[in-house]
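Q:
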Amino acid sequence: MRFGIAGNLRKGGVPKIAQRVIQRFEVEGVDYVVERTLADVLRKRFRLKLSGRTISDRNLAGGSDILISLGGDGTILRLARQVAEKGTPILGVNLGKLGFLAEVSVDDLDDCLTEVLRGDYFVVERMMLQATTSKSTRSYLALNDIVVDKFGTSRVLDFETYVNNEYLATFTADGVILSTPTGSTAYALANGGPIVTPNNRSITISPICPHTLTARPVIVPDDSIIRIKVAAADHKVHVTADGQDEVLLRPPTEIKVRKA
Numbered sequence: 013m014r015f016g017i018a019g020n021l022r023k024g025g026v027p028k029i030a031q032r033v034i035q036r037f038e039v040e041g042v043d044y045v046v047e048r049t050l051a052d053v054l055r056k057r058f059r060l061k062l063s064g065r066t067i068s069d070r071n072l073a074g075g076s077d078i079l080i081s082l083g084g085d086g087t088i089l090r091l092a093r094q095v096a097e098k099g100t101p102i103l104g105v106n107l108g109k110l111g112f113l114a115e116v117s118v119d120d121l122d123d124c125l126t127e128v129l130r131g132d133y134f135v136v137e138r139m140m141l142q143a144t145t146s147k148s149t150r151s152y153l154a155l156n157d158i159v160v161d162k163f164g165t166s167r168v169l170d171f172e173t174y175v176n177n178e179y180l181a182t183f184t185a186d187g188v189i190l191s192t193p194t195g196s197t198a199y200a201l202a203n204g205g206p207i208v209t210p211n212n213r214s215i216t217i218s219p220i221c222p223h224t225l226t227a228r229p230v231i232v233p234d235d236s237i238i239r240i241k242v243a244a245a246d247h248k249v250h251v252t253a254d255g256q257d258e259v260l261l262r263p264p265t266e267i268k269v270r271k272a
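Going by my numbering, the sequence shown opens with residue 13, and the numbers climb by one from there.
#1: Could you check which residue in Gln35, Ser191 and Ile237 has the C-alpha nearest to that of proline 229?
#2: Assuming lysine 28 is part of the alpha helix (DSSP H), what are its boundary residues?
#3: Can you name, in chain order, every residue of its own chain whose Cβ lies under 8 Å from the Cβ of arginine 65, other than the five neighbours on each side?
#4: Once you ignore the five residues that flank valine 160 on each side, which residues in its own chain have a CB closer than 6 Å to its CB?
#5: Exposed or buried, what is phenylalanine 134 when buried is set at 16 or more other beta-carbons lying within 10 Å of its beta-carbon?
#6: On the CB-based measure, 16 or more other CB atoms within 10 Å of its CB, does alanine 30 come out buried or exposed?
#7: If you draw a straight line from the alpha carbon of leucine 62 to that of threonine 226, how long is it in whole angstroms?
#8: Apply the 10 Å Cβ neighbour rule to isoleucine 158 and answer buried if 16 or more other Cβ atoms are within range, or exposed otherwise.
#9: Closest to leucine 107 by C-alpha separation, out of Lys147, Ala245 and Val116, would be which residue?
#10: When you compare only the Cα positions, how much space is there between lysine 248 and valine 242?
#11: Cutting at 6 Å between CB atoms, please list the residues of its own chain near aspartate 257, excluding the five before and the five after it.
#12: In chain order, which continuous runs of the beta strand (DSSP E) of length 3 or greater are located wholly inside the stretch 85 to 156?
#13: Using the C-alpha atoms, what's the distance from alanine 154 back to leucine 72?
#14: According to DSSP, which residues form a beta bridge with threonine 252?
#15: If you run the structure through DSSP and keep just helix, strand and coil, what is leucine 62?
#16: May I ask you to list the residues that DSSP assigns as paired with isoleucine 231?
#17: Rounded to the nearest angstrom, how far is the Cβ of alanine 102 from that of serine 68, given a contact under 8 Å?
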């Protein structure tokens with residue numbers, strides 16, 4: 013079994029924890045690779061010799077059997093997009109705040125690694141979303157949510173929403189959140205949406221600050237294809253995947269979202 017090690021270098025404790033994991037792996041003869049940016053920091057700060065042990069972001073998924081994510085939920089969201097096609101499991105070590113996804117604490121890390129090394133673990137699969145736009149062929153992956161919202165204005169926009177080519181509603185709102193069950197505890201929850209259990213096969217459609225009394229979150233099956241149209245507006249439309257990958261679109265435009 014080969015471990016991949018990656019982390020969020022904006023969190024001060026990441027290099028020290030990575031050093032601790034690497035030292036253990038060296039002593040026990042465990043195979044591992046380190047994401048290149050993190051490896052550069054470890055070489056400079058701790059003079060670690062990592063010859064042949066570094067790997068690029070693009071090759072993390074194929075170059076490791078389990079990926080150790082050092083940081084918070086945001087780090088897992090970033091890494092999830094990189095490993096999605098390969099399905100490489102992520103072991104999240106929480107150096108952040110809430111840690112809905114990164115459940116392993118630093119204090120429990122050694123015990124957790126011991127269990128993983130002896131095969132005492134199971135993999136939980138989570139669905140992701142894929143968004144495409146009418147402006148390009150590029151797709152955007154998200155573990156939590158795809159958000160379509162206004163940009164550069166305080167005025168609401170009209171988001172014409174369809175599910176499987178059937179008209180659902182036109183949300184006059186700041187935007188629309190399309191979330192997975194995993195993402196139901198993220199932006200969608202802060203927006204007043206329901207908490208959905210991870211094994212629920214669904215997508216939640218949540219208007220953001222809708223200018224109506226009747227607009228409420230809607231839960232649809234996970235095999236649904238959701239289309240959002242913005243026919244006309246003076247300002248651009250903002251599309252984000254997990255709050256990290258983003259694009260600005262000039263109306264008229266259409267965003268299509270489905271299970272990845």
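We treat Cβ as the ideally placed atom computed from N, Cα and C, and that holds for glycine.
Every value quoted in this text rests on a predicted model; they were computed, and no experiment measured them.
A: Let's see:
#1: Ser191
#2: 26 to 40
#3: Tyr44, Val45, Val46 and Ala51
#4: Gly187, Val188, Ile240, Val251 and Ile267
#5: exposed
#6: buried
#7: 59 Å
#8: buried
#9: Val116
#10: 10 Å
#11: Tyr152
#12: 102 to 106, 141 to 145 and 151 to 154
#13: 18 Å
#14: Val159 and Glu258
#15: coil
#16: Thr216
#17: Looking at the sequence provided, one finds isoleucine at residue 102 rather than alanine. 17 Å between Cβ atoms; not a contact.
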